[in-house]
Amino acid sequence: HFSLDEIRTGLETHQLVLHYQPKVTTFSGVMRGAEALVRWNHPQYGLVAPLDFVPVAEQGGLIDDLTDWVLESALRQVHAWHARGLTIVVAVNLSAKSLAVPDLADRIATMASRIGVEPKYLMLEITETAVMSDLALSLGTLARLRLKGFGLSIDDFGTGFSSMQQLSRIPFTELKIDRSLVHGAAEKPHLHVMLQSTIEMSKKLHLTTVAEGVENPADWQLIRLLGCDVGQGFYVARPMPGEELAGWLKQGL
Ligand code: G
Ligand code: G
Ligand code: NA
Ligand code: MN
Numbered sequence: 146h147f148s149l150d151e152i153r154t155g156l157e158t159h160q161l162v163l164h165y166q167p168k169v170t171t172f173s174g175v176m177r178g179a180e181a182l183v184r185w186n187h188p189q190y191g192l193v194a195p196l197d198f199v200p201v202a203e204q205g206g207l208i209d210d211l212t213d214w215v216l217e218s219a220l221r222q223v224h225a226w227h228a229r230g231l232t233i234v235v236a237v238n239l240s241a242k243s244l245a246v247p248d249l250a251d252r253i254a255t256m257a258s259r260i261g262v263e264p265k266y267l268m269l270e271i272t273e274t275a276v277m278s279d280l281a282l283s284l285g286t287l288a289r290l291r292l293k294g295f296g297l298s299i300d301d302f303g304t305g306f307s308s309m310q311q312l313s314r315i316p317f318t319e320l321k322i323d324r325s326l327v328h329g330a331a332e333k334p335h336l337h338v339m340l341q342s343t344i345e346m347s348k349k350l351h352l353t354t355v356a357e358g359v360e361n362p363a364d365w366q367l368i369r370l371l372g373c374d375v376g377q378g379f380y381v382a383r384p385m386p387g388e389e390l391a392g393w394l395k396q397g398l
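Residue numbers for the sequence shown follow the UniProt record's numbering, beginning at 146 and rising by one.
Structure (structure tokens):
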């Protein structure tokens, strides 16, 4: 595992990269957006997965610098896509630790305006567990982000224990159903039932519903049938470098 100093050096020497995974409308197959996923292009170990360094950055107080780098890069990328006529929304993952910093909403708004991206083209993904672990602390930041016009997505939904009542207090615009409820749902009745009721609840809360971890055509057909708005997963596309996305789009699903 990596030390905080190694990660800081990686960040400062421009070794981090973002890959983007398409989020596609189930109805028409049109790409709605893309989720930015950080990787560390390590000189010795090659592409290192976020789980091998993001938690260390969170523990060691480096997460705000890392998040700023991710936001800056993702906003520049979405600006470049827009300039080429590709009007999509970019999604960035926020950790619970970043939400606790009071000026986060202002920092993001300043950055987006400097780069020239309207708030509606940035979606912030926050896991259900991160939000619920300290709702009082996160709520202010989330409300400010929403007021400024950024999208808010509740990520990995279905792995935590939040109630519909709690959810309705947070100004989310999107709900992403965790892949543990999606993968294999076409063949497993218990998953099918949980997926269906989660989609129904999301619709009652007027949220855009996204299924993540769609890996095969049967699960893709099922989420369409159940009225899930958007799908994401290896069946649609793997995360890819930003420059490859336009080419992938041209090729079609
Ligand atoms: O891309 P991959 O499946 O390896 O991502 C694993 C986990 O790392 C996911 O839970 C994802 O949300 C998280 N992750 C990816 N990119 C970022 C990032 O830029 N910031 C934070 N905080 N988490 C990220
Ligand atoms: O927790 P989060 O939703 O941010 O996780 C995103 C991670 O899930 C990324 O690391 C991405 O590589 C991974 N991922 C994306 N699509 C699929 C899929 O269809 N199946 C599996 N198992 N993982 C996926
Ligand atoms: Na995510
Ligand atoms: Mn997820």
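Where a beta carbon is used, it is the ideal one built from N, C-alpha and C, also for glycine.
Cα-Cα separation between residue i and residue j, rounded to whole angstroms
i, j, result
"P264", "T318", "13 Å"
"F302", "V193", "25 Å"
"A257", "L292", "15 Å"
"H337", "G155", "42 Å"
"G294", "G329", "35 Å"
"A228", "L182", "22 Å"
"A331", "A202", "38 Å"
"R153", "M277", "29 Å"
"M309", "K349", "10 Å"
"D374", "S298", "14 Å"
"L352", "L320", "6 Å"
"E357", "S148", "31 Å"
"G285", "D279", "11 Å"
"R369", "H187", "39 Å"
"A245", "L239", "11 Å"
"A275", "L394", "33 Å"
"Y380", "I233", "20 Å"
"Q366", "G206", "43 Å"
"F306", "H335", "18 Å"
Endpoints, the alpha helix (DSSP H) within which residue i is located
i, result
"R289", "L280 to L292"
"A241", "A241 to L244"
Ligand 1 heavy atom lying under 7 Å from the CB of residue i
i, result
"A356", "no"
"L394", "no"
"N186", "no"
"P384", "yes"
"P195", "yes"
"V338", "no"
Heavy atom of ligand 4 within 7 Å of residue i beta-carbon
i, result
"D300", "yes"
"D323", "yes"
Neighbour-count burial assignment, residue i, 16 or more Cβ in a 10 Å radius
i, result
"S283", "buried"
"E157", "exposed"
"D150", "exposed"
"M268", "buried"
"G376", "buried"
"D364", "buried"
"G378", "buried"
"H184", "With the sequence shown as reference, residue 184 is identified as Arg, and His is not the correct amino acid for it. Buried: at least 16 other Cβ atoms inside 10 Å."
"F172", "exposed"
Ligand 2 heavy atom lying under 7 Å from the CB of residue i
i, result
"E360", "yes"
"L290", "no"
"G378", "yes"
"Q366", "no"
"Q204", "no"
Residue i at chain B interface by Cβ criterion, 8 Å
i, result
"R324", "Among the chains in the structure shown there is no chain B, since it carries only a single protein chain."
Near ligand 3: residue i beta-carbon under 7 Å from a heavy atom
i, result
"E270", "yes"
"G319", "Looking at the sequence itself, residue 319 is Glu, so the reference to Gly does not match. Not under cutoff, so the answer is no."
"E180", "yes"
Residue i: first and last residue of the uninterrupted beta strand (DSSP E) it sits in
i, result
"E180", "M176 to H187"
"V223", "Looking at the DSSP string, V223 is not in any beta strand (DSSP E); the run it does join, the alpha helix (DSSP H), is I208 to A228."
Between the segment 389-397 and the segment 165-184, do at least 3 Cβ pairs fall closer than 8 Å? The answer is yes - the segment 165-184 touches the segment 389-397, with three or more Cβ pairs under 8 Å.
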